[in-house]
Amino acid sequence: MNDINKVLFSAIQPSGQLTIGNYIGVMRQWIKMQDTHTCLYCIADLHAITTRRSPKELRRDVLDTIALYLACGFDPYKSIIFLQSQVHQHSQLCWLLTCYTYYGELSRMTQFKDKYFQGNKNVNSGLFNYPILMASDILLYKTDIVPIGKDQSQHLELTRNIARRFNSYYGNIFTVPVRYMVKHGSNILSLLNPCKKMSKSDSNKNNVIFLLDSINSVSKKIQSAVTDSNNPHSIHYDMTNKKGISNLLNVLSGLTDKTISDLEIEYSGKSYRQFKSDIIEIISDILIRLQSSYFYYRQNEEYLENILYYGSSRACLRADKLLNKVKKAIGLI
Ligand code: TYM
C-alpha cells in the first residue's frame, strides 16, 4: 500500500497503560504507514472521560500516551499527532451527527451493552453516544483508512452508515472510510482467560502485558499464560480447542511478521516451555528499546505538551474546513 494522498486516521483512548494488544493490533501498523499515507494519530481524551478518574490520572495517562507514541517511532512532523479535546470541531461535529444517528443503532453496540449489563454503576450518556464521537473523529478528516482492532469494527460500521446517510441527504460531504485490520493480531486475548480481549482496563493485571511492564513481570505473565492440557507438545493454531496457544501464536506473529504457518513449522515438536521462552525474549527486546526511549521523552512534559499543541493546531485547520462544509450543507448560518 502506498498512497500519500490517502488519509489514515486512528486513535487510542488514554484510559490506562497501553498494552501489547494495542501495539500489535494498531500501533505497529501505524508506524509502517506513516511513510506511505497522510496520517493523523489522535489521543482520544474526550472518550476517556466516559469513565470517572481524577484530573491527575487523566493528565498522566495523556502524557504517558504521547510519550509512548513518540517512543514507538511516530514522527510528529511527518504525521499529525494531536489531542482530541484541543480540536473543538470534534465535539461540534459530534452534536451534529447525533441528530443523524438513531437510538436503536446505538443500543445495538456490543461494547455499550457489555458495559451496561456488567452492572457498571456509571452508565452515562457519554458512554451511549461514544460511537458518534468516534464517527466524528474519523469523518472530520475525510479519512480513507482506519486501522483498528476487531473490538472497534462495529463502531466503524456505524461510522460508515452515518456517513452514507448524511451524504444521501446533502451530497458527497463525507468520505466513507474503510477499516484496516491485521490478519493475525487484531484481537489479542487475555493471558489467563483467552475467551476475552486483552484490555488496558482489566482488573487482573496478570491478564495483560503492558508496554511499561518490567521484564521480570513480562516473564512471569507469559510463563503463567494458559495453554492447554490435552496435547502438551503440539503448537498449532486452533481457536476452538487451543485458544491459549493460538493467542500466543498471534502475539508472536504480530511481533515478528512471521506467518502462523511458518511459526507452526518452526515450533513443530518443540515444547511449550521453549515456545514461551522465545516469546518472552522477543517481547523483552521490544520493550527494553521502547521503554528507554519512553523514559527519555516522558521526563520533559513541556516538550510533550508542545508536540500536542503543534499537532492539534494542524488538525484544527483541516477539521475546520470540513466542519464548515457540513454546517453549510445543513443550512446553519
Ligand atoms: P482503545 O483505546 O481501546 O484501543 C486502541 C486501538 O487498539 C486496538 N486494540 C486491540 N487490538 C488488538 N488486540 C487487543 N487486545 C486490542 N485492544 C485494543 C483497538 O481496537 C483500537 O483500534 N474508541 C477507541 C479509540 C478511538 C478511535 C477513534 C479509534 C476514538 N476515536 C477513531 C479509531 C478511530 C478505543 O477506545 O480504542
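Numbering (my numbering), first residue to last: 5 to 337. C-beta atoms are modelled at their ideal positions from N, C-alpha and C, and glycine is treated no differently.
When Cβ pairs closer than 8 Å are counted between the two stretches, the region 30–43 is seen to touch the region 75–88, the count reaching three or more. Distance from the CA of N171 to the CA of F178, rounded to the nearest whole angstrom, comes to 7 Å.
C-alpha of T42 to C-alpha of E309: approximately 22 Å in a straight line. Remark: the C-beta of Q122 is outside contact range of ligand 1, defined as less than 7 Å to any heavy atom.
In this structure, ligand 1 has a non-hydrogen atom nearer than 7 Å to the beta-carbon of H51.
Here DSSP, grouped into helix, strand and coil, assigns K200 to coil.
For L326, the enclosing alpha helix (DSSP H) begins and ends at E305 to I334. Counting only residues of its own chain and dropping the five nearest sequence neighbours on each side, P135 has a CB closer than 6 Å to the CB of M113, H159 and L162. Remark: the shortest separation between the CB of Q33 and any heavy atom of ligand 1 does not fall under 7 Å. In the structure shown, K60 falls within a helical segment according to DSSP collapsed to helix, strand and coil.
For the pair Q93 and L144, the CB atoms are nearer than the 8 Å cut-off. Scanning its chain for C-beta atoms nearer than 8 Å, with the 5 sequence neighbours on each side dropped, one finds around Q33 the residues P151, Y184 and V186, in chain order.
Inside the region 95–121, DSSP marks whole alpha helix (DSSP H) runs of 4 or more residues at positions 107–111 and 114–121, from first to last along the chain. A contact is defined here as three or more CB-CB pairs under 8 Å, and the region 46–61 fails this definition with respect to the region 292–308. Within its own chain, the residues whose Cβ lies closer than 8 Å to the Cβ of D155, once the five positions on either side in sequence are excluded, are Q115, N191 and K201, listed in chain order. Straight across, the Cα-Cα distance linking D141 with N128 is about 20 Å. The C-beta of N211 has 16 or more other C-beta atoms within 10 Å across all chains shown, which makes the residue buried.
G335 counts as exposed, since fewer than 16 other C-beta atoms from the protein chains shown sit within 10 angstroms of its C-beta. Taking 8 Å as the cut-off, the Cβ atoms of I213 and L259 do not count as close.
If you draw a straight line from the Cα of A323 to the Cα of S257, it is about 37 Å long.
Within the model, the alpha-carbon separation for N126 versus V66 is close to 22 Å.
Set against 7 Å, the gap from the CB of A333 to the closest heavy atom of ligand 1 is not smaller. Under the DSSP definition of a beta bridge, L291 lacks any partner. Counted as a single uninterrupted DSSP element, the alpha helix (DSSP H) harbouring I142 occupies residues S129 to L143.
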